[in-house]
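This report refers to the structure that appears directly beneath it.
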Amino acid sequence: MRDVDTGPGSPLRRTARREWGPLLVPVWDELKRGKWRAIPMTLSCVCLTLGFQIWQNAGGLAQVERIGAVYAGLSWQEALLRTPLSLFVPAPDLPVWGALAQVLIVFGICEIRLGRLKTLLIAYACTLAGTMYARYGAAVGPDGFLGLPAETLTVRDTGPSAAVVSLAVFVCWRYRAWLTGALVILAMIIEVIVKPNLAGKEHLAALVLAVILWAVSELWRKRREGRGRRERRDLADQSRSGAPASTS
């Protein structure tokens, strides 16, 4: 069998650098400089997720349910109050290590590349989009457009997965890792086809909002860059003509 060429100048290496270099090289540099101090928010999220897992598995499930469990059958007021913490409440019957790894990697990259505030806003907005879809789907029922069965009302709607996949697509496309972002979306579509449960459909709802937020941010960024280029061109023209620079 012919060996795959993975030398420094190989097509595989060049493709990897082109896909992930603009996204990951600054992350690596920041982690080398600040180590774990570079991602304090991410480490807090990891600890919070682990803490909830330990608490609910050590007999505190009822208390965790009251403060962080969201169901489509809850009132809007209760759902909105619980949503911030629900993002960090993992499923009690699933291994928590996968969720912790996802939060550490994706939140860490986004904290460095997007900033803490933007990372949290995207995570919460997309999680809330999934929650809103669940309420809509349960309300219209299985016969309605994109409806869900009645038992959805009692399915616990918690965990970081919707936030993780949404942030992954947003940050990948923001830094032109087009293939990686597209593969995340494809994986979520396959998940819904193979196992059409509430979690998979919520992931797609969250991804729809993530793509919209990315498109809006791209438009805003291009407008700002265009304005900056025009201002620099005007200053250059004024400098060449000897006219005084505008102070407006």
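Numbering (our numbering), first residue to last: 56 to 303. All C-beta atoms, glycine included, are put in the ideal place defined by N, C-alpha and C.
Leaving aside the five residues before and after glycine 196 along the sequence, list all residues of the same chain whose C-beta is less than 8 Å from its C-beta, in chain order.
By the criterion of a C-beta distance shorter than 8 Å, glycine 196 is surrounded in its chain by Gly202, Leu203, Pro204 and Ala205, once the five residues flanking it on both sides are discounted.
Collapsed DSSP secondary structure at arginine 68 in the structure displayed
Looking at arginine 68 - three-state DSSP - the assignment turns out to be helix.
Candidates Ser221, Ala232 and Gly89: closest to isoleucine 167 by CA position
Considering only alpha carbons, the answer is Gly89.
Could you tell me the distance, in whole angstroms, from the CA atom of leucine 262 to the CA atom of lysine 87?
Whole-angstrom Cα-Cα distance: 31 Å.
Alpha helix (DSSP H) containing leucine 116: first to last residue?
Bounds of the alpha helix (DSSP H) holding leucine 116 are 116-123.
Give the straight-line distance between the Cα atoms of leucine 78 and tyrosine 191, rounded to the nearest whole angstrom.
For leucine 78 and tyrosine 191, the distance between alpha carbons rounds to 36 Å.
Straight-line CA distance for threonine 70 to leucine 105?
For threonine 70 and leucine 105, the distance between alpha carbons rounds to 36 Å.
Could you tell me the distance, in whole angstroms, from the CA atom of tryptophan 110 to the CA atom of glycine 236?
Roughly 34 Å between the two C-alpha positions.
Quick one: what does DSSP say aspartate 84 is sitting in, helix, strand or coil?
In the structure shown, aspartate 84 sits in a helix (DSSP, three-state: H, G or I).
Going by beta carbon distance, what residues of the same chain come within less than 6 Å of serine 65, once the five residues before and after it are set aside?
Hits under 6 Å: none found.
Helix, strand or coil for serine 211 per DSSP?
Before going further, note that residue 211 is arginine rather than serine in the sequence given. Residue state, collapsed to three classes: coil.
Euclidean distance between Cα positions of threonine 138 and alanine 232:
Those two C-alpha atoms are separated by around 30 Å.
Just mark glycine 214 as buried or exposed, buried being the case when its beta carbon has 16 or more other beta carbons within 10 Å.
With 16 or more other Cβ atoms within 10 Å, it is buried.
Which residues in the same chain have their Cβ closer than 6 Å to the Cβ of glutamate 120, if we skip the five residues on either side of it in sequence?
Nothing meets the Cβ criterion.
I believe valine 161 touches alanine 117 by the beta-carbon criterion, under 8 Å. Please report the beta-carbon distance rounded to the nearest angstrom.
The pair is not a contact, with the Cβ atoms about 30 Å apart (cut-off 8 Å).
Isoleucine 94 by DSSP, collapsed to three states: which one?
Under the three-state reduction of DSSP output, isoleucine 94 falls in the coil class, being neither helix nor strand.
What is the rounded straight-line gap between the Cα of asparagine 112 and the Cα of arginine 68?
CA-to-CA, the gap between asparagine 112 and arginine 68 works out to about 44 Å.
Beta-carbon proximity list for glycine 255, same chain, < 8 Å, skipping 5 on both sides:
Excluding positions up to five away in sequence, the list reads Met243, Glu246 and Val247.
Just how far apart, CA to CA, sit lysine 250 and glutamate 257?
So the two alpha carbons sit approximately 13 Å from each other.
Between the beta-carbon of glycine 163 and the beta-carbon of threonine 209, is there less than 8 Å?
Contact annotation: glycine 163 and threonine 209 have beta-carbon atoms that are not nearer than 8 Å.
C-beta atoms of threonine 174 and valine 125 nearer than 8 Å
Their beta carbons are not under 8 Å apart, which means threonine 174 does not touch valine 125 by this criterion.
Separation of alanine 180 from arginine 211, as counted between CA atoms
Between the alpha carbons of arginine 211 and alanine 180 lies a distance of about 18 Å.
Leaving out five residues before and five after isoleucine 94 in sequence, what residues of the same chain have Cβ atoms less than 6 Å from its Cβ?
If we look at isoleucine 94 and ignore the five residues flanking it on each side, its Cβ neighbours are Gly163 and Glu166.
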